[in-house]
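Peer 1: Quick one: the structure is below, and I'll ask about it shortly.
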Amino acid sequence: MRRCAALARGRRAGPRLCHGGRAGQGAASRQRARHRHRGGLTGGGVPLILTFGLDSHTFGRVEAARQRWFPPARNFIPAHLTMFQQLPEAHLSDILATLAQAAGETPRLPFRVGGLTDYGTGVAYALTMPGFTWRHRTLRDGWRFALGRQDRRDRTPHITVQNKAGYAATRRCLAALDRDFAPWEGMADRFLLWHYRGGPWERIAAIPLSATDMPVTGGPT
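Following the numbering used here, the numbering of the sequence shown begins with 30 at its first residue and continues without gaps.
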């Protein structure tokens with residue numbers, strides 16, 4: 030099986046993809062891969078994080094990889110697929126109402142785990158997921174007044190399994206995950222809303238995606 034180009038050269042590289050996924054671009058992509066929660070909030074309070082819940086097979090695989098490779102001193106949270114990083118707590122009731130409505134309009138969203146992204150000092154599984162961009166943008170348009178700079182940007186769906194681990198540890202992680210990697214299909218089946226607690230996350234709500242079809246207009250193709 031083809032190895033990541035960064036592994037073959039044996040040197041540090043920017044975000045780089047194995048097995049046909051899509052890499053981000055430079056510093057902006059690295060910034061999106063970090064989970065920083067400072068500034069950018071309208072209304073103050075504790076930041077809220079919105080993620081997609083994953084099917085049990087995918088979650089089991091990526092959580093096992095995260096537990097194996099994420100630096101233990103910083104591994105406070107489970108594997109996750111982030112949509113928004115800094116939603117304002119002051120708007121919690123409105124956010125929950127919006128998510129309840131959106132979940133009723135959104136079916137379970139399929140994705141393909143197609144490769145590994147090398148961030149230099151971290152590794153993520155790269156996802157191809159057309160429904161992610163559609164759902165992220167429609168929520169973002171309604172919340173734009175309350176969003177910080179990072180959350181106003183488009184996101185590339187990914188699931189981080191290692192971050193801030195150092196160059197040598199990242200090479201080991203990439204080599205191990207790449208050795209047995211084969212693409213697989215998965216499903217996002219719910220919204221998960223969390224409080225950020227200075228490291229750990231505290232779950233507020235799990236809202237199942239319950240629509241049977243995409244909306245007639247505006248959905249992914």
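Glycine is no exception: its CB is placed at the ideal position from the N, C-alpha and C atoms. These figures come from a predicted structure and were not determined experimentally.
Give the straight-line distance between the Cα atoms of Leu83 and Ile188, rounded to the nearest whole angstrom.
Peer 2: 10 Å
Peer 1: Would you list the one or two residues that DSSP bridges to Thr189?
Peer 2: Answer by DSSP bridge pairing, in chain order: Ala153.
Peer 1: Do the stretch 163-170 and the stretch 122-137 touch if we need at least three Cβ pairs shorter than 8 Å?
Peer 2: Note that the stretch 163-170 touches the stretch 122-137; at least 3 beta-carbon pairs, one per stretch, sit closer than 8 Å.
Peer 1: Considering Cα atoms alone, identify which of Glu214, Val75, Leu79 is closest to Phe220.
Peer 2: Leu79
Peer 1: Whole angstroms is fine: what's the gap from Ala155's alpha carbon to Glu214's?
Peer 2: 12 Å
Peer 1: Starting from Phe99, trace the beta strand (DSSP E) both ways and give me its first and last residue.
Peer 2: Taken as a continuous stretch (DSSP letters only), Phe99 belongs to no beta strand (DSSP E), as it is neither H nor E.
Peer 1: Less than 8 Å between C-beta atoms, sequence neighbours within five positions excluded: which residues of the same chain meet that for Thr335?
Peer 2: One cannot answer for residue 335 here, as it falls past the ends of the chain, which runs 30 to 250.
Peer 1: Whole-angstrom Cβ separation of Leu110 and Pro212, contact assumed at under 8 Å?
Peer 2: Between Pro212 and Leu110 the Cβ distance is about 16 Å, and since that is not below 8 Å, they are no contact.
Peer 1: Is the stretch 97-110 touching the stretch 193-201 in the sense that three or more CB pairs, one from each, lie closer than 8 Å?
Peer 2: A contact is defined here as three or more CB-CB pairs under 8 Å, and the stretch 193-201 meets this definition with respect to the stretch 97-110.
Peer 1: Going by C-alpha distance, which of Arg95, Phe174, Gly160 is nearest Asp242?
Peer 2: Residue nearest to Asp242 within the set Arg95, Phe174, Gly160 is Gly160 (criterion: CA-CA distance).
Peer 1: Is it right to say Phe2 is buried, meaning 16 or more other beta carbons lie within 10 angstroms of its own, or is it exposed?
Peer 2: Here the chain comprises residues numbered 30 to 250, so residue 2 is not present and cannot be evaluated.
Peer 1: Out of Ala217, His224, Ala108, which has the shortest C-alpha to C-alpha gap to Gly287?
Peer 2: The requested residue 287 is not part of the displayed model; the chain covers only 30 to 250.
Peer 1: On the three-state DSSP scale, how would you describe Tyr196?
Peer 2: helix
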